[in-house]
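Enquirer: Below: one structure in structure tokens.
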Amino acid sequence: MLAVFSYTAGLSLFIFNLLFLPCFSIRVLPPTDTWRVFDKFHDAEKGTHVAGMSELKKYFHRFGYLESKNFSDFFDDPFESAVVLYQKNLGLKVTGKLDSDTVNQIISPRCGVSDQVHNHKLHVTRHYSFFYGQPRWVKPDPISLTYAFSPSNMIEYIPESDIMTAFERAFSRWAAVIPVNFTLTRDYSSADIKIGFYSGDHGDGEPFDGVLGILAHAFSPENGRLHFDSSEIWAVDMKRQKSRVAVDLESVATHEIGHILGLAHSSVKEAIMYPSLSPRQKKVELRIDDVNGVQLLYGSNPNFQISSLLESDTSLSWAVRLDVRYSSFVGAILIAIVLL
Ligand SMILES: [Zn+2]
Ligand SMILES: [Zn+2]
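When the sequence shown is numbered by numbering that gives the first Met the number 0, its final residue is 339 and no position is left out of the sequence of numbers.
Structure follows, in structure tokens:
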């Protein structure tokens, strides 16, 4: 199975996932048919019938891009709109077609939380988002949240102390930018944030799906549940974990804590709150986009200095460029109105 998995080309990743990810029923096709299937998706345009399209429709429905439950194999108008929305929200080139960038994004391992879908009309501003109603933890200042690990739903192959350290670092990154403290407690039943590893259907209506696919999910405030798919090969040190499908625990933990605090997904690829993460990828540093989002909910930690983030954050220049362009556009309209 691993023989066909390669990082050297996005197409190879597509083939691997097409064959083996549980979200695609066509994964059982023999390798010789795979190229033909890829071509079918790649060339699919509105009105065409493509075997396997229904699985893509289920995927878009699952993550909030397609309201209709008509999962036919036709590339219809609602599906095209879903593709456009998906491309906008994931920061992809908007073509309305299943181009290779879009297909590669669809089959990338990702968080199980649905995307908050925004239909940008005038322009595309990539940034953070919140859950519906913008929920946050409401407690007396300074907010102090406790977290605990499930006594019966943990993984055995990573030392507990290593897991604790990874989570400590993940929590501290958020605590550094907002006035919220996180404290480990052994009292699982009373902890604000409850962390555990589960497989398949585990009783919350959001079943996990085996290796890769969906990696983890968390619930919006003030629920506090943070679940990892125990079928993944989790790693805290990639030097020790050689598997090509290993997933960095600290990266996913940092992302899911963002959900626990009230952030939904961001369309900024570099942001922690972007929904997908490649196998073996380590992505643990908060970006300006993450910080702006979470500070809108909780305010700033008085000790936080934004300048410490500015130098390393390449996503900022992109966002600033877009805002400047939009501001200029609005400015030009205002000037035109004044002159008239
Ligand atoms: Zn997520
Ligand atoms: Zn769950």
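Glycine included, every Cβ here is placed at the ideal spot set by N, Cα and C. Predicted model only: the values in this text are computed from it and were never measured.
1) On the premise that F196 lies in contact with M153, defined as a C-beta separation below 8 Å, what is that separation, rounded to the nearest angstrom?
2) Take S275 and list the residues in its own chain whose beta-carbon comes closer than 6 Å to its own, dropping the five residues that flank it on each side.
3) Span of the beta strand (DSSP E) holding D247?
4) Give the residues whose C-beta lies closer than 6 Å to at least one heavy atom of ligand 1, in chain order.
5) Return the chain-ordered list of same chain residues with a C-beta closer than 6 Å to the C-beta of P29, the five sequence neighbours on each side being excluded.
6) Name the one or two DSSP bridge partners that H254 has.
7) So, at 8 Å on beta carbons, what are the nonlocal neighbours of D76 in its own chain, with the 5 sequence-adjacent residues on each side left out?
8) Is the region 133 to 143 close to the region 239 to 248, with three or more CB pairs under 8 Å?
9) Confirm the yes/no value for this check: CB of H48, any heavy atom of ligand 2, distance under 6 Å.
10) What residue range is occupied by the uninterrupted alpha helix (DSSP H) comprising N291?
11) When you compare only the Cα positions, how much space is there between S149 and E159?
12) Where D72 and K57 are concerned, what is the direct C-alpha to C-alpha distance, given to the nearest angstrom?
13) Which word fits L262, buried or exposed, when buried means at least 16 other C-beta atoms lie within 10 angstroms of its C-beta?
14) Terminal residues of the continuous alpha helix (DSSP H) containing I162?
15) Report the residue from F166, N222, T101 and F207 whose alpha carbon sits nearest the alpha carbon of D228.
16) Considering only C-alpha positions, which residue in the set D288, P278 and R279 is nearest to M272?
17) Would DSSP call H264 helix, strand or coil?
18) Tell me whether V82 sits in a helix, a strand or coil according to DSSP, three-state version.
19) Have a look at the DSSP bridge pairing and note the partners of R224.
20) Would the beta-carbon of S265 fall within 7 Å of that of Y127?
Expert: Well, looking at it:
1) Here residue 153 refers to the residue found at position 154 of the sequence shown. Here residue 196 refers to the residue found at position 197 of the sequence shown. So it is a contact: roughly 6 Å between Cβ atoms.
2) Translated into positions along the sequence shown, residue 275 becomes position 276. Correct list, in chain order: S107 and R109.
3) Looking up residue 247 in the sequence shown gives position 248. Where D247 is concerned, the enclosing beta strand (DSSP E) stretches over A245 to D247.
4) In chain order, the qualifying residues are C110, V112, H254, H258, H264 and P274.
5) Here residue 29 refers to the residue found at position 30 when the sequence shown is read from its first residue. Note that P29 has pLDDT 31, beneath the 50 cutoff, so the model's placement of it is unreliable and the number below is only indicative. Excluding residues within five positions, none has a Cβ falling inside 6 Å.
6) Against the sequence shown, residue 254 aligns to sequence position 255. According to DSSP, which records beta bridges pairwise, H254 is partnered with nothing at all.
7) Counting from one through the sequence shown, the residue named residue 76 turns up at place 77. The answer, listed in chain order, is K45.
8) no
9) In the sequence shown, the residue the question calls residue 48 occupies position 49. It does not: the Cβ of H48 is nowhere closer than 6 Å to a heavy atom of ligand 2.
10) As a working mapping, residue 291 is identified with position 292 in the sequence shown. N291 -> alpha helix (DSSP H) spans I287 to Y297.
11) In the sequence shown, counting from the first residue as 1, residue 149 sits at position 150. In the sequence shown, counting from the first residue as 1, residue 159 sits at position 160. Taking the straight line from one Cα to the other gives about 12 Å.
12) Here residue 72 refers to the residue found at position 73 of the sequence shown. Here residue 57 refers to the residue found at position 58 of the sequence shown. So the two alpha carbons sit approximately 11 Å from each other.
13) Your numbering for residue 262 matches position 263 in the sequence shown. The residue is buried, with at least 16 neighbouring Cβ atoms inside 10 Å.
14) Your numbering for residue 162 matches position 163 in the sequence shown. Taken as a continuous stretch (DSSP letters only), the alpha helix (DSSP H) holding I162 covers E159 to A174.
15) Residue mapping note: residue 228 aligns to position 229 of the sequence shown, counting from 1. When each option's Cα is compared against that of D228, the closest is F207.
16) Here the question's residue 272 lines up with position 273 in the sequence shown. Checked all of D288, P278 and R279; the closest Cα to M272 is D288.
17) In the sequence shown, the residue the question calls residue 264 occupies position 265. Note: H264 maps to coil in three-state DSSP.
18) Stepping through the sequence shown from its first residue, residue 82 is reached at position 83. Three-state DSSP puts V82 in a helix.
19) On the sequence shown, residue 224 is found 225 positions in, with the first residue counted as 1. Residue pairing by DSSP places R224 opposite K193 in a beta bridge.
20) Position 266 of the sequence shown, counted from the first residue, corresponds to residue 265. Position 128 of the sequence shown, counted from the first residue, corresponds to residue 127. Yes, the Cβ-Cβ distance between S265 and Y127 is below 7 Å.
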